[in-house]
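Taking it in order: structure first as structure tokens, then the write-up.
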Amino acid sequence: MKVGDYEIQEGLYYTKEHEWAKVENNKVTVGIDDYAQKLLKDIVYVELPEKGVAVEQMKAFGIVESVKAVSDLYAPVSGAITDFNTRLDDEPELVNTGPYGEGWMIVIVPSNLEADLANLMNAESYAEYIKKLMEEH
Amino acid sequence: MDFTHSYLPNVPEIKKKMMEEISVTDIEELFADIPQAVRLKKDIELPGPMSEYEVLLELKQIANKNVSANEMPTFLGGGVWNHYIPAHVPQLAMRSEFYTAYTPYQPEISQGSLQALFEYQSLICELTGMDAANASLYDWGSGLGEAALTAMRATKRNEFIVPRSISPERRSTLEMFSRGVLAKITEVGFDKETGMLYLDELDAKASNETAGIYIENPNYFGVLESQVKEIKEIAEKNNALFVVGVNPMSLGVLKAPGDYGADIVIGEGQPLGLPTSFGGPLLGIFAIRYDKKFVRTIPGRLVGMTTTVDGTMRGYCLTLSAREQHIRRERACSNICSNEALVAITAAIYLSTLGPTGMKKLGELCMANAQYLQKKINAIDGFRAPLFNAAHFNEFTITNLDGSIEDVHKRLLTRGIHGGKLLTNEFPELGETALCCTTEVHTKKELDKLITALQEIGGSL
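Protein chains in written order, with the numbering used here: chain E, 6 to 142; chain S, 22 to 482.
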């Protein structure tokens, strides 16, 4: 679905800090959404943790740097990182061109999935949240 | 005494008005918190007002008690070195375009300053054999502190290995830097015969907890470390960074640390056209090997070169600022928010006008003077110079085998010579030893004066 210029992909969970989480086979893939990448503009660097690092829900796990700003990346769920997108090292612009696809960032094996998901928004409520943000700005 | 002068704003009427404003009737009320016991109960005995000329005269008389290195042969070094500063260096550095209390970083109005700093960075890279240099830190000591923190950020470990044979002042700066991050500083001793690092001890102490291994080349005793290949191997084996500290003046004659595998190079830029001035201002050199992740952990300002949007013009601006405090706040990679811009530009002027050939000649001259002095002093009964069986750059140790080196130092002073820095407190294990420094400013006459004086003193001990 679309809110203004921003594509919000259905079937994903979202944080207030604009990370998305895709749950598949007890693994959670994480990235930042279309709204975030459009606000940040050209992304020049993504710093991600190594495999095996433990993350906590809504604690910073990495950094995204654009020509405009530098922001922390927040983990949508707690768990351990089992994979990260090595392509972003040389092609950080993938976050701009495919925020929900080739621009994915990390994969987490969740430790407390059900409870963590309850703290996140689904696409519909996230769309409402973005609408509200757009009205405020 | 209430003294009224049109240039002094604190006259009785103004004082009275200010006190009225804050409802104070007696000035004493403002000092009520200061215990009576510690108060000075009488007037300070100062002479009456003096004219500008009288003040100047008195200050000049006091200043004349100082003896500069130009008036008295001086062999001090150990961190600040007396080199000749060609007249054009301060002349250019003091141009009004550079000479400002604050460094302008707005690219719209500061292309000249930014370009000069970019040139400084490029010259430091060329000299050290590294890929990226920052726009300077405060001094070698802050460079060491920041190098340790950089190594810890890059490796996510918190132990930093340093040799005992480094400057104790720098070592204490490092300890101060590492306190907040709870870093562990591990010391490795030196071989009493060669003055070089104990490789076996280093190999035993380095582990997968070591963030970085540091050496100074030349080390504090002036000794050139010839085991750099082995030290690099130990660092590599443990995935630790190899950090090298240098006197940049030595790099005209010595291999650049980048050529023997250094990951970070630091050093003291003061010899590059800056006066000794009671030990400052100094200039912290900081350069690294290029690695995309690594370059984002470098502390301090970085000036980058770019092109305008239409691609027609070259321009300069601060780059990778996302590391810095004004953007990252408490998660910035370093607390350093400034640099030594004017001092760095001065070093750039010095380096670019001296050139690679000049640096080589100068290094050879410093070394030749040291060699001459070493040989002559070592031949004097009762002295050993140097203590270590190794190659030295422009500094070397002198040991009094028969008595106190401080006594020798005092006797030299009465003969109008300032001898080397005493090491007896810093390195008691070296016995009665001083660190002697020579540069290109020492004439043969001055060197011979020291030799003759030591011969006379040696004979009378």
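Glycine is no exception: its CB is placed at the ideal position from the N, C-alpha and C atoms.
Quantities reported herein were computed from a predicted structural model and do not represent experimental measurements.
Please report the straight-line C-alpha distance between residue i and residue j, rounded to a whole angstrom.
i	j	result
L119(S)	C358(S)	One point to set straight first is that residue 119(S) is Phe, not Leu, in the sequence displayed. Going by the C-alpha atoms only, they are around 19 Å apart.
L451(S)	E79(S)	44 Å
A123(E)	W109(E)	22 Å
Q14(E)	Y105(E)	8 Å
T464(S)	M197(S)	40 Å
T327(S)	A365(S)	21 Å
C354(S)	V112(E)	26 Å
L475(S)	Q346(S)	54 Å
N87(S)	H439(S)	12 Å
P377(S)	G266(S)	20 Å
G325(S)	G282(S)	24 Å
R352(S)	R116(S)	37 Å
N160(E)	E98(E)	Absent from the model: residue 160(E). The displayed extent of chain E is 6 to 142, so no value can be given.
I48(S)	L135(S)	51 Å
D428(S)	T374(S)	42 Å
P302(S)	E254(S)	36 Å
E143(E)	M6(E)	Because chain E in this structure spans residues 6 to 142, residue 143(E) falls outside the shown range and cannot be described.
I252(S)	L220(S)	7 Å
M173(S)	M334(S)	39 Å
F90(S)	K64(E)	The sequence as given places Ala at residue 90(S); Phe does not occur at that position. About 59 Å.
Y159(S)	G99(S)	17 Å
Y241(S)	M151(S)	23 Å
F448(S)	E140(S)	39 Å
Just reading off the beta strand (DSSP E) that residue i is part of, what are its end residues?
i	result
N390(S)	Run containing N390(S): none in the beta strand (DSSP E); it sits in the alpha helix (DSSP H), 362-399.
A26(E)	24-29
P111(S)	Taken as a continuous stretch (DSSP letters only), P111(S) belongs to no beta strand (DSSP E), being part of the alpha helix (DSSP H) at 109-114.
A455(S)	454-458
V249(S)	That residue, V249(S), is in no beta strand (DSSP E); its alpha helix (DSSP H) goes 249-258.
K32(E)	32-37
S71(E)	65-71
R15(S)	Because chain S here runs from 22 to 482, residue 15(S) falls outside it and cannot be looked at.
N421(S)	416-421
I48(E)	48-52
P184(S)	180-184
Let's see if you can read the secondary structure: which residues bound the alpha helix (DSSP H) around residue i?
i	result
F315(S)	313-316
E41(S)	33-42
A120(E)	118-123
L81(E)	According to the sequence provided, residue 81(E) is Pro. The question's Leu does not apply to it. P81(E) -> no alpha helix (DSSP H), and no H or E assigned at all.
L144(S)	132-149
R74(S)	In the sequence as presented, Arg is not what sits at residue 74(S); that position holds Tyr. Unbroken alpha helix (DSSP H) run through Y74(S): 73-84.
E190(S)	189-200
V100(E)	99-102
I348(S)	346-349
Where DSSP assigns a beta bridge to residue i, which residues make up the other side?
i	result
Y235(S)	V264(S)
D88(E)	V112(E)
H142(E)	The partner list for H142(E) (beta bridge, DSSP) is empty, contrary to what the question assumes.
L218(S)	F211(S)
S76(E)	V69(E)
G305(S)	L158(S), E289(S)
N127(E)	Y18(E)
C338(S)	G325(S)
F299(S)	None; F299(S) has no bridge partner.
T95(S)	H439(S)
Y11(E)	V8(E)
Just to confirm my understanding: we take residue i, look at its own chain, exclude 5 residues before and 5 after, and list those with CB closer than 8 Å. What are they?
i	result
T102(E)	G108
I472(S)	L394, K397, I398, I401
S228(S)	E180, N259
A225(S)	none
L363(S)	A114, F119, Y120, T121, T124
Among the residues of its own chain, which have a CB less than 7 Å from the CB of residue i, if the five just before and after it don't count?
i	result
M22(S)	Caution is warranted here: a pLDDT of 46 is assigned to M22(S), below 50, making its placement in the model unreliable, and no coordinate value can be reported.
L17(E)	W25, A26, K27, A128
Q132(S)	G336, Y337
D284(S)	L262, F263, V264, I309, R310
I370(S)	V110, L113, A114, G294
G57(E)	A85, I86
Residues in its own chain within less than 6 Å of residue i by CB, not counting five upstream and five downstream?
i	result
L170(S)	none
Y126(S)	L339
R185(S)	E208, G210, F211
E12(E)	D39
G201(S)	none
Going along the chain, which residues of the region 450-477 of chain S sit with their C-beta nearer than 9 Å to a C-beta in chain E?
So nothing in the stretch comes that close.
Looking at chain E, which residues of the region 300-332 of chain S have a Cβ within less than 9 Å of any of its Cβ atoms?
Against chain E - using a Cβ distance shorter than 9 Å - the residues of the region 300-332 of chain S are K313, K314, R317.
Near-chain S residues of the region 73-84 of chain E (beta-carbon distance less than 7 Å), N- to C-terminal order
Of all residues in the region 73-84 of chain E, only V75 come within less than 7 Å of chain S when Cβ atoms are compared, listed by chain position.
Using a Cβ-Cβ cut-off of less than 7 Å, list which residues of the region 331-352 of chain S approach chain E; keep chain order.
The residues in question are A343, I348, R349.
Members of the region 26-45 of chain E near chain S, C-beta cut-off 8 Å:
Taking 8 Å as the Cβ-Cβ cut-off against chain S, none of the residues of the region 26-45 of chain E qualify.
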